[in-house]
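Numbering (mature numbering (1 follows the signal peptide of the UniProt record, and there is no 0)), first residue to last: -19 to -1, 1 to 252.
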């Protein structure tokens, strides 16, 4: 099997320029092997799933998972680029990227519009985070009339927006321009918002790194399975048919469980 060389790039808000950050380009490597390049978008600030390390290279559970798929899939080379969340699906639709590996929940609305792998690679929860010591918020009902940090288009915000459709008193969603989870959790600590709703593993990672006075409260609001999102069309269908058996294999041989333990401390692999 051909040894793959990975390059990490940045896809900016204009989604017009992809710049290499280190090493030789994967396009050069692919040219030498005849591989087809698949550009995979992910965030650079969503630990421990996808983030830039001290060397400014993308790493984390989602990134390593895709790299393992790449190693087992002949004929393709995967190139990773950092994409802001609010540009992620636009980049996919415009073919700036051909896949997303970024803890994207397989919601019915997204599955109608985008192509997901049948095999899910992570089972995630949705929880509420508040300032340490606060006792008046435990459930989603407790968020009514309160301000909650939000990121347009993510599954956590969609959950709250859907709740607001029938709520007696809507949740006051404060949409972030940066989309940076650490900034939104800092807003919780500083009282700029009352709460933040997201994945508990990511929240714990950010709290530990930044030593924030924020804690998770109550029970999980919902559980979601995460899948790789592919460019809709013939190319995406072909790639999906190749990736699904590999994801199934990674579940059965324990590779995903090992990666999950490495990055999250537990096995969060859907059946």
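Even for Gly, the Cβ is constructed at its ideal location relative to N, Cα and C.
>> Just to confirm the assignment: which complete alpha helix (DSSP H) runs, minimum length 4, are found wholly within the stretch 150 to 214?
In response: Secondary structure within the stretch 150 to 214: the alpha helix (DSSP H) runs of 4 or more consecutive residues, fully enclosed, are 162 to 171 and 181 to 191 (chain order).
>> Just to confirm my understanding: we take residue 21, look at its own chain, exclude 5 residues before and 5 after, and list those with CB closer than 8 Å. What are they?
In response: Closer than 8 Å at the Cβ level, and outside the excluded window around residue 21, lie 47, 59, 60, 61, 62, 78, 79, 80, 81 and 82.
> At least one CB of chain D closer than 8 Å to the CB of residue 37: is that the case?
Replying inline: The question asks about chain D, but that chain is absent: this structure has only one protein chain.
> Is it right to say residue 90 is buried, meaning 16 or more other beta carbons lie within 10 angstroms of its own, or is it exposed?
Replying inline: Under this definition residue 90 is an exposed residue.
>> Using a Cβ distance threshold of 8 Å, determine whether the stretch 169 to 181 contacts the stretch 111 to 129, with at least three qualifying pairs required.
In response: Contact holds: three or more Cβ-Cβ distances are below 8 Å.
>> For residue 78, report the span of its alpha helix (DSSP H) as first-last.
In response: DSSP places residue 78 in no alpha helix (DSSP H); its state is neither H nor E.
> Taking one C-beta from the stretch 91 to 111 and one from the stretch 198 to 213 each time, how about it: are there three or more such pairs within less than 8 Å?
Replying inline: In this structure the stretch 91 to 111 lies against the stretch 198 to 213, because at least three pairs of beta carbons, one per stretch, are closer than 8 Å.
> Is the stretch 182 to 190 in contact with the stretch 27 to 43, if contact means three or more CB pairs nearer than 8 Å?
Replying inline: The stretch 182 to 190, when compared against the stretch 27 to 43, does touch it at the 8 Å Cβ threshold.
>> Strictly by DSSP, which residues pair up with residue 26?
In response: Answer by DSSP bridge pairing, in chain order: 32.
>> Excluding the 5 residues flanking residue 43 on each side, which residues of the same chain have their C-beta closer than 7 Å to its C-beta?
In response: Shown here for residue 43: same chain residues with a beta carbon closer than 7 Å to its own, the five before and five after excluded, namely 23, 30, 31, 82, 83 and 84 in chain order.
>> Can you list, in chain order, the residues of its chain with a C-beta nearer than 7 Å to that of residue 136? Leave out the 5 residues immediately preceding and following it.
In response: Spatial neighbours of residue 136 in its own chain (CB-CB distance under 7 Å, excluding positions within 5 residues in sequence) are listed in chain order as 86, 88 and 205.
> Short check: CB of residue 195 to CB of residue 188, under 8 Å?
Replying inline: Yes. Within cutoff.
> Would you call the stretch 117 to 126 and the stretch 141 to 149 touching, i.e. three or more CB-CB distances under 8 Å?
Replying inline: Short answer: they touch.
> residue 163 and residue 191: beta carbons closer than 8 Å?
Replying inline: In this structure, residue 191 lies closer than 8 Å to residue 163 by Cβ.
>> Using the three-state DSSP reduction, which class does residue 6 fall into: helix, strand or coil?
In response: Residue confidence is low: residue 6 scores 47 on pLDDT, short of 50, so the model does not pin down where it sits. No coordinate-derived value is stated.
> Are residue 39 and residue 223 close, meaning C-beta to C-beta below 8 Å?
Replying inline: No, they are not a contact pair.
>> Can you check which of these residues, 175, 70 and 26, is closest to residue 212 by C-alpha distance?
In response: Nearest C-alpha to residue 212: 70.
> Rounded to a whole number of angstroms, what is the C-alpha to C-alpha distance between residue 177 and residue 64?
Replying inline: In a straight line, the C-alpha of residue 177 is about 22 Å away from that of residue 64.
> What are the boundary residues of the alpha helix (DSSP H) that residue 245 is part of?
Replying inline: In the DSSP assignment, residue 245 falls within the alpha helix (DSSP H) that extends over 236 to 245.
> Which whole-angstrom value is the C-beta distance of residue 19 and residue 237, which I expect to be below 8 Å?
Replying inline: No, residue 19 and residue 237 are not in contact; Cβ-Cβ is about 20 Å, not under 8 Å.
> Just curious, the beta strand (DSSP E) that residue 128 is in, first and last residue?
Replying inline: Under the DSSP assignment, residue 128 falls in the beta strand (DSSP E) whose first and last residues are 128 to 131.
> Where does residue 87 fall in DSSP's three states?
Replying inline: Correct three-state label for residue 87: coil.
> For residue 21, which beta-bridge partners are listed by DSSP?
Replying inline: DSSP output for residue 21 lists 61 and 80 as bridge partner(s).
>> Would residue 242 and residue 233 qualify as a contact pair, given that the criterion is a beta-carbon distance under 8 Å?
In response: For the 8 Å CB-CB criterion, residue 242 and residue 233 do not form a contact.
> Mind checking residue 157: buried by the 16 CB within 10 Å criterion, or exposed?
Replying inline: A residue is called buried when at least 16 other Cβ atoms come within 10 angstroms of its Cβ; residue 157 meets this threshold and is buried.
> Given residue 133, which residues of its chain have a CB within under 7 Å of its CB, disregarding the five upstream and five downstream residues?
Replying inline: 67 and 156, listed in sequence order.
> DSSP three-state call for residue 39: helix, strand or coil?
Replying inline: For residue 39, the three-state secondary structure derived from DSSP is strand.
> With burial defined as no fewer than 16 other Cβ atoms inside 10 Å of the residue's Cβ, what is the status of residue 37: buried or exposed?
Replying inline: Exposed, because fewer than 16 other Cβ atoms sit within 10 Å of the Cβ of residue 37.
> Do residue 26 and residue 118 come within 8 Å of each other at the CB atom, strictly closer than that value?
Replying inline: Their beta carbons are not under 8 Å apart, which means residue 118 does not touch residue 26 by this criterion.
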